[in-house]
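Below is one structure, written out as structure tokens; the observations come after it.
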Ligand code: ADE
Ligand code: ZN
């Protein structure tokens, strides 16, 4: 089968996505609506959202993310984000997703975490009840908020357990605080039934990925592609089975790893487990199928594309995601 045929088949196949953020899945139209409601000049129209979706740096992207969060006025606004996200999953035939949700951001914008958690839970539960697939949550702490704020995320999970949460990770500015500063946070995860994941190797290079592996012992790494510059680290990653949740459009948009010369295929061909995700699909204007198309443009073979699709299920933190459904699954909407 030619790669073009494989891509057409992939569009119809049930897929898994392990790395996308709730706020980043917002539809541009929702963002324009929220900005109008807030009488904010930030996102006057869809073209403005599109322009900001190519920030050219992670700092620029994090500033965009803050602007999005500032438009949220009440816990129910998170239902808009969750509905945008689940609609995206349905359209993309994504039957298993692990979604980063950030209690730290929720509290920073001034909402009580339990209220927001309940709002998001209702939308995710309805999506599952309707047979569209499974969603699991990765509780996200923001690296540049520091270890105390990360502990606070775990305190919230202790106080108000969210059974849908299966993992815990660090997003934000990877270079702001070293991984070792979060050791005491990650030590608490097993007791809370949360698997460790972490953003690393996005803006950081091999040292940052090696630090994260050494101190936090993640099951998967969000991005991770900065590891590619060190062949011995790549061999270690391949042996470890730790998967990298790679997001090509995100890397290109933030300028961290442009598509020309992107190391994803080198990593894959060195035996590293690679999955494909969109990170912040609403802001970057991408879809999971779009990411597969990009990978094909970089030279992935049909076998590699279907291997990555399988890897998405294999690397799921929850047993609910580990069984790849047959292509005719009823989860297609
Ligand atoms: N939060 C949402 N998207 C992110 C990214 N690409 N890097 C770090 N933190 C994020
Ligand atoms: Zn991310």
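Numbering (this note's numbering), first residue to last: 3 to 335. Glycine included, C-beta positions come from ideal geometry on N, C-alpha and C.
For residue 136 and residue 212, the gap between their C-alpha atoms comes out near 32 Å. DSSP places residue 76 in the coil class of the three-state scheme, outside both helix and strand. Shown here for residue 286: same chain residues with a beta carbon closer than 6 Å to its own, the five before and five after excluded, namely 55, 251, 252 and 255 in chain order. With a beta-carbon spacing of about 6 Å, residue 245 and residue 313 fall inside the 8 Å limit used to define contacts. Going down the chain, each residue whose beta-carbon is closer than 5 Å to a heavy atom of ligand 2 shows up: 224 and 281. Distances from the CA of residue 65 to each of 139, 175 and 38 were compared; the closest alpha carbon is that of 175. Under the three-state reduction of DSSP output, residue 100 falls in the strand class.
A Cβ-Cβ distance of about 6 Å is found for the pair residue 26 and residue 284, placing them in contact under the 8 Å criterion. Look at residue 18 here: in three-state DSSP terms it is strand. Taking 8 Å as the upper bound for CB-CB distance, residue 101 and residue 87 are in contact here, some 7 Å apart. A residue is called buried once 16 or more other Cβ atoms fall within 10 Å of its Cβ, and residue 193, having fewer, is exposed.
Beta-bridge annotation (DSSP): residue 223 is paired with 200 and 246.
Segment contact: the region 197 to 216 against the region 225 to 239, three or more CB-CB distances shorter than 8 Å; contact assigned.
Comparing alpha-carbon positions, the option among 329, 328 and 324 lying closest to residue 19 turns out to be 324. Membership of residue 128 in the alpha helix (DSSP H) is indicated by the continuous run 115 to 131.
Here residue 301 is exposed, its C-beta having fewer than 16 other C-beta atoms within 10 Å. Cβ contact annotation for residue 28 (same chain, cutoff 6 Å, sequence separation greater than five): 83, 86 and 284, in chain order. In the three-state scheme derived from DSSP, where H, G and I count as helix and E and B as strand, residue 173 is classed as strand. In the three-state reduction of the DSSP assignment, residue 54 falls in the helix class, which pools H, G and I. Per DSSP, reduced to three states, the secondary structure at residue 146 is helical.
Residue 239 and residue 133 have their C-alpha atoms roughly 35 Å apart. Only residues of its own chain outside the window of five on either side were considered, and among them 176, 177, 181, 202, 203 and 228 have a CB closer than 8 Å to the CB of residue 210, listed in chain order. Its chain contains 298, 304, 307 and 308 as the residues whose beta carbon lies nearer than 8 Å to that of residue 8, once the 5 sequence neighbours on both sides are disregarded; these appear in chain order. Residue 41 and residue 72 have their alpha carbons spaced roughly 12 Å apart. Where residue 32 is concerned, the enclosing alpha helix (DSSP H) starts and stops at 30 to 39. Taking 8 Å as the upper bound for CB-CB distance, residue 329 and residue 21 are not in contact here, some 23 Å apart. In the displayed model, residue 256 falls within a helix according to three-state DSSP. Remark: C-beta atoms of residue 141 and residue 170 approach each other more closely than 7 Å.
Between residue 74 and the set 3, 179, 99 and 38, the nearest pair of CA atoms involves 38.
A distance of 7 Å or more separates the beta carbons of residue 144 and residue 112.
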